[in-house]
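Letter by letter, the sequence shown follows residues 277 to 447 of the working numbering. Report on the following structure.
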Amino acid sequence: MTLALVGEKIDRNRFTGEKVENSTFFNCDFSGADLSGTEFIGCQFYDRESQKGCNFSRAMLKDAIFKSCDLSMADFRNVSALGIEIRHCRAQGADFRGASFMNMITTRTWFCSAYITNTNLSYANFSKVVLEKCELWENRWMGTQVLGATFSGSDLSGGEFSTFDWRAANF
(Lines of atoms letter the chains of each structure in order from A; the text may use other names.)
(Lines give C-alpha, C1' and ligand atoms only; values in the text may rest on other atoms or scores of the structure.)
Protein backbone atom coordinates (compact mmCIF):
# COMPACT_ATOMS: atom_id res chain seq x y z
CA MET A 277 0.00 0.00 0.00
CA THR A 278 1.46 3.39 -1.06
CA LEU A 279 -0.18 6.65 0.04
CA ALA A 280 0.38 10.41 0.08
CA LEU A 281 -1.63 12.01 2.89
CA VAL A 282 -1.49 15.63 4.01
CA GLY A 283 -3.11 17.05 7.15
CA GLU A 284 -5.36 14.04 7.77
CA LYS A 285 -6.73 12.76 11.06
CA ILE A 286 -6.12 9.01 10.89
CA ASP A 287 -9.08 6.87 11.99
CA ARG A 288 -8.44 4.56 14.95
CA ASN A 289 -8.27 1.26 13.02
CA ARG A 290 -7.33 2.47 9.53
CA PHE A 291 -3.82 0.95 9.52
CA THR A 292 -4.01 -1.69 12.30
CA GLY A 293 -1.84 -4.65 11.27
CA GLU A 294 -1.27 -3.29 7.75
CA LYS A 295 1.99 -3.04 5.79
CA VAL A 296 2.52 0.47 4.42
CA GLU A 297 5.47 1.15 2.12
CA ASN A 298 7.04 4.24 0.52
CA SER A 299 4.24 6.54 1.65
CA THR A 300 4.19 10.16 2.82
CA PHE A 301 2.24 11.41 5.81
CA PHE A 302 2.71 15.16 6.13
CA ASN A 303 1.25 16.86 9.21
CA CYS A 304 -1.00 13.84 9.87
CA ASP A 305 -2.65 13.14 13.22
CA PHE A 306 -2.32 9.51 14.35
CA SER A 307 -3.24 10.40 17.96
CA GLY A 308 -5.16 7.59 19.64
CA ALA A 309 -4.82 5.34 16.56
CA ASP A 310 -4.29 1.60 16.97
CA LEU A 311 -1.15 0.83 14.97
CA SER A 312 -0.54 -2.54 16.66
CA GLY A 313 1.43 -4.82 14.37
CA THR A 314 1.54 -2.18 11.63
CA GLU A 315 4.67 -2.04 9.43
CA PHE A 316 5.82 1.26 7.95
CA ILE A 317 8.71 0.79 5.52
CA GLY A 318 10.41 3.69 3.72
CA CYS A 319 7.74 6.18 4.84
CA GLN A 320 8.08 9.92 5.41
CA PHE A 321 6.37 11.41 8.48
CA TYR A 322 8.34 14.68 8.43
CA ASP A 323 7.46 17.59 6.18
CA ARG A 324 10.73 19.42 5.45
CA GLU A 325 8.90 22.46 4.09
CA SER A 326 6.83 23.14 7.23
CA GLN A 327 9.44 21.44 9.48
CA LYS A 328 6.65 19.53 11.24
CA GLY A 329 6.38 15.88 12.20
CA CYS A 330 3.29 13.76 12.72
CA ASN A 331 1.34 13.42 15.96
CA PHE A 332 1.29 9.87 17.38
CA SER A 333 0.37 10.90 20.95
CA ARG A 334 -1.61 8.26 22.89
CA ALA A 335 -1.37 5.86 19.92
CA MET A 336 -1.16 2.10 20.43
CA LEU A 337 2.17 1.09 18.85
CA LYS A 338 2.44 -2.45 20.27
CA ASP A 339 4.72 -4.48 17.97
CA ALA A 340 4.64 -1.67 15.37
CA ILE A 341 7.59 -1.54 12.97
CA PHE A 342 9.19 1.56 11.44
CA LYS A 343 12.02 0.73 9.01
CA SER A 344 13.93 3.33 6.99
CA CYS A 345 11.40 6.04 7.89
CA ASP A 346 11.79 9.75 8.65
CA LEU A 347 10.13 10.28 12.05
CA SER A 348 11.84 13.61 12.75
CA MET A 349 9.91 15.93 15.08
CA ALA A 350 7.24 13.25 15.63
CA ASP A 351 5.17 13.49 18.82
CA PHE A 352 5.22 10.07 20.54
CA ARG A 353 4.11 11.37 23.94
CA ASN A 354 2.16 8.86 26.03
CA VAL A 355 2.20 6.09 23.41
CA SER A 356 1.94 2.41 24.36
CA ALA A 357 4.91 0.97 22.51
CA LEU A 358 5.72 -2.47 23.93
CA GLY A 359 7.74 -4.38 21.33
CA ILE A 360 8.12 -1.42 18.95
CA GLU A 361 10.84 -1.58 16.31
CA ILE A 362 12.43 1.60 14.99
CA ARG A 363 15.30 0.62 12.71
CA HIS A 364 17.43 2.62 10.24
CA CYS A 365 15.27 5.72 10.81
CA ARG A 366 15.66 9.43 11.39
CA ALA A 367 13.93 10.51 14.59
CA GLN A 368 15.66 13.82 15.22
CA GLY A 369 13.77 15.95 17.72
CA ALA A 370 11.10 13.26 18.29
CA ASP A 371 9.33 13.53 21.66
CA PHE A 372 8.96 10.26 23.60
CA ARG A 373 8.02 11.74 27.00
CA GLY A 374 5.50 9.54 28.80
CA ALA A 375 5.94 6.71 26.27
CA SER A 376 5.56 3.22 27.74
CA PHE A 377 7.74 0.40 26.44
CA MET A 378 6.78 -1.89 29.33
CA ASN A 379 4.38 -4.64 30.25
CA MET A 380 3.32 -4.27 33.90
CA ILE A 381 2.85 -7.68 35.51
CA THR A 382 2.36 -6.31 39.03
CA THR A 383 3.03 -2.86 40.46
CA ARG A 384 6.61 -3.97 41.20
CA THR A 385 7.20 -6.38 38.34
CA TRP A 386 7.48 -5.49 34.68
CA PHE A 387 9.56 -6.00 31.58
CA CYS A 388 10.36 -3.69 28.70
CA SER A 389 10.64 -4.47 25.02
CA ALA A 390 11.87 -2.09 22.32
CA TYR A 391 14.23 -2.32 19.37
CA ILE A 392 15.54 1.11 18.42
CA THR A 393 18.65 0.57 16.30
CA ASN A 394 20.72 2.40 13.66
CA THR A 395 18.56 5.48 14.20
CA ASN A 396 19.39 9.17 14.47
CA LEU A 397 17.89 10.22 17.84
CA SER A 398 19.67 13.58 17.98
CA TYR A 399 17.77 16.12 20.08
CA ALA A 400 14.98 13.60 20.77
CA ASN A 401 13.37 13.74 24.22
CA PHE A 402 13.38 10.56 26.35
CA SER A 403 12.93 12.35 29.70
CA LYS A 404 11.65 9.94 32.41
CA VAL A 405 11.23 7.09 29.89
CA VAL A 406 11.97 3.52 31.06
CA LEU A 407 13.83 1.45 28.44
CA GLU A 408 15.34 -1.38 30.52
CA LYS A 409 17.02 -4.36 28.84
CA CYS A 410 16.20 -3.09 25.34
CA GLU A 411 18.15 -3.15 22.09
CA LEU A 412 19.31 0.42 21.53
CA TRP A 413 22.51 -0.13 19.57
CA GLU A 414 24.25 1.96 16.92
CA ASN A 415 22.08 5.04 17.43
CA ARG A 416 23.14 8.68 17.28
CA TRP A 417 22.31 10.37 20.61
CA MET A 418 23.66 13.90 19.97
CA GLY A 419 22.00 16.33 22.37
CA THR A 420 19.28 13.80 23.26
CA GLN A 421 17.32 14.70 26.43
CA VAL A 422 17.45 11.80 28.92
CA LEU A 423 16.76 13.49 32.28
CA GLY A 424 15.32 10.89 34.67
CA ALA A 425 15.28 8.13 32.03
CA THR A 426 16.24 4.52 32.84
CA PHE A 427 18.34 2.48 30.40
CA SER A 428 19.69 -0.16 32.81
CA GLY A 429 20.56 -3.43 31.12
CA SER A 430 20.02 -2.00 27.63
CA ASP A 431 22.52 -2.51 24.82
CA LEU A 432 23.75 0.94 23.80
CA SER A 433 26.82 -0.37 21.98
CA GLY A 434 28.10 1.34 18.86
CA GLY A 435 26.23 4.54 19.72
CA GLU A 436 27.44 8.07 19.07
CA PHE A 437 27.12 10.16 22.24
CA SER A 438 28.25 13.74 21.68
CA THR A 439 26.83 16.44 23.98
CA PHE A 440 25.13 13.68 25.97
CA ASP A 441 24.69 14.00 29.76
CA TRP A 442 25.46 10.55 31.21
CA ARG A 443 24.64 11.78 34.73
CA ALA A 444 21.06 12.70 33.80
CA ALA A 445 19.83 9.11 33.40
CA ASN A 446 20.15 5.69 35.06
CA PHE A 447 22.33 3.25 33.14
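We put the CB at the ideal spot given by N, CA and C, even for glycine. Computed from a predicted model, the values in this text were never measured in an experiment.
Among the options, which has the Cα closest to the Cα of residue i?
i, options, result
"Val-296", "Ser-326, Tyr-391, Met-277, Leu-281", "Met-277"
"Gly-293", "Arg-384, Thr-314, Phe-301", "Thr-314"
"Cys-388", "Ser-307, Ala-357, Ile-286, Thr-439", "Ala-357"
"Ala-370", "Gln-421, Cys-304, Phe-301, Lys-285", "Gln-421"
"Tyr-415", "Cys-319, Val-406, Glu-408, Asp-431", "It should be pointed out that residue 415 corresponds to Asn in this sequence rather than to Tyr. Of the candidates Cys-319, Val-406, Glu-408, Asp-431, the one whose C-alpha sits nearest the C-alpha of Asn-415 is Asp-431."
"Met-349", "Gly-359, Phe-342, Ile-341, Ala-367", "Ala-367"
So what does residue i bridge to, in DSSP terms?
i, result
"Ala-390", "Ile-360"
"Arg-516", "Outside the modelled stretch of the chain, which goes from 277 to 447, sits residue 516, for which no answer is possible."
"Cys-336", "Going by the sequence as given, residue 336 is Met instead of Cys. Asp-310, Ser-356."
"Leu-281", "Phe-301"
From which residue to which residue does the beta strand (DSSP E) around residue i run?
i, result
"Thr-426", "No beta strand (DSSP E) contains Thr-426, which DSSP labels as neither H nor E."
"Thr-300", "300 to 302"
"Glu-315", "315 to 317"
"Asn-379", "378 to 382"
So residue i packs on residue j, CB below 8 Å; how close in whole Å?
i, j, result
"Gly-435", "Trp-417", "6 Å"
"Ala-445", "Gly-424", "7 Å"
"Thr-395", "Cys-365", "5 Å"
"Asn-303", "Ser-326", "6 Å"
"Leu-347", "Phe-321", "5 Å"
Excluding five sequence neighbours on each side, which residues of the same chain lie with their C-beta closer than 8 Å to the C-beta of residue i?
i, result
"Asp-310", "Arg-288, Asn-289, Thr-292, Ala-335, Met-336"
"Asn-298", "Thr-278, Ile-317, Gly-318, Cys-319"
Quick one: residues in its chain with C-beta nearer than 7 Å to the C-beta of residue i, no 5 flanking neighbours on either side, listed in chain order?
i, result
"Gly-419", "Ser-398, Tyr-399, Thr-439"
"Phe-437", "Trp-417"
Could you name the residues of the same chain whose beta carbon sits closer than 6 Å to that of residue i, not counting the 5 residues immediately before and after it, in chain order?
i, result
"Ile-392", "Ile-362, Leu-412"
"Ala-340", "Leu-311, Thr-314, Ile-360"
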